[in-house]
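Note that the sequence shown covers residues 140 to 326 in my numbering.
Contents: one structure, followed by commentary.
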Amino acid sequence: IYTSGSTGRPKGVMVSHAAVCNRMHWLIDTFGIGPADAMLVQASINFDVSVGQLLACLFTGGRSVLALEHERADSAALVELTRAHEVSIWDLTPSMLRPMLDEPGVAACSALRHVFCGGEVLEPALARVFRERMRVPLHNIYGPTEAAIDATCWTCDDSAPGPIPIGRPIANTEVFVLDGQRQPVSV
Numbered sequence: 140i141y142t143s144g145s146t147g148r149p150k151g152v153m154v155s156h157a158a159v160c161n162r163m164h165w166l167i168d169t170f171g172i173g174p175a176d177a178m179l180v181q182a183s184i185n186f187d188v189s190v191g192q193l194l195a196c197l198f199t200g201g202r203s204v205l206a207l208e209h210e211r212a213d214s215a216a217l218v219e220l221t222r223a224h225e226v227s228i229w230d231l232t233p234s235m236l237r238p239m240l241d242e243p244g245v246a247a248c249s250a251l252r253h254v255f256c257g258g259e260v261l262e263p264a265l266a267r268v269f270r271e272r273m274r275v276p277l278h279n280i281y282g283p284t285e286a287a288i289d290a291t292c293w294t295c296d297d298s299a300p301g302p303i304p305i306g307r308p309i310a311n312t313e314v315f316v317l318d319g320q321r322q323p324v325s326v
């Protein structure tokens, strides 16, 4: 799968089948994804986030709702797809979530159960706007493509006074936090 990483230029990354399966099982088991769910697929199939968008619901008999190429960056079209196809899960970058929250029809997306946000820093101000407009959990996910897309997850609430944490490791994953000299820091 491909990632732009820190360079902004796409690069191919090898990810093991086991790592992708682990990520899918964590998502399904932790958030109760099942046959009644539908996930919006708005990422290009070439990028890492598309793996979860395509497979999470299909693993359990649910649906993947594919946005056409011209709809992928059109927040109004994505909100309408969500409403019309009763999408229950979004997995978006913060820069895609922001305009979707401003769409007049976002309140009609009543089937939404979970929103995952990753790929960029999730700012506290955006999380506050989300909580004001939506009544579903917002999950901040973090991880390099090489770690099978996500390595950590934090369900946003009002308890974090500063930056939104990247969270705790997903199932079967270890996370090491290093200092500037690449030495482990204390808990």
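For glycine and all other residues, C-beta sits at the position ideal for the given N, C-alpha and C.
For residue i, the nearest candidate out of the options (CA to CA)
i, options, result
"H278", "A290, S155, I140 and C256", "C256"
"P302", "L265, I309 and S325", "L265"
"P300", "Q181, T291, R307 and P263", "P263"
"E242", "Y281, R321, E225 and S214", "S214"
"T199", "A182, S189 and I172", "I172"
"V275", "D297, S249, A287 and A286", "S249"
"M163", "A287, R321 and V324", "A287"
Proximity of residue i and residue j at Cβ, strictly below 8 Å
i, j, result
"H253", "F315", "no"
"T142", "T284", "yes"
"E259", "T232", "yes"
"G201", "A177", "yes"
Three-way DSSP call (helix, strand, coil) for residue i in this model
i, result
"A158", "helix"
"S214", "helix"
"H224", "coil"
"M178", "strand"
"C292", "strand"
Cβ-Cβ separation, residue j to residue i (assumed contact under 8 Å), whole Å
i, j, result
"W229", "L251", "7 Å"
"P308", "A290", "6 Å"
Contact test: residue i Cβ vs the ligand NAP heavy atom, cutoff 7 Å
i, result
"M239", "Looking for the ligand NAP in the displayed structure turns up nothing, as the structure carries no ligands at all."
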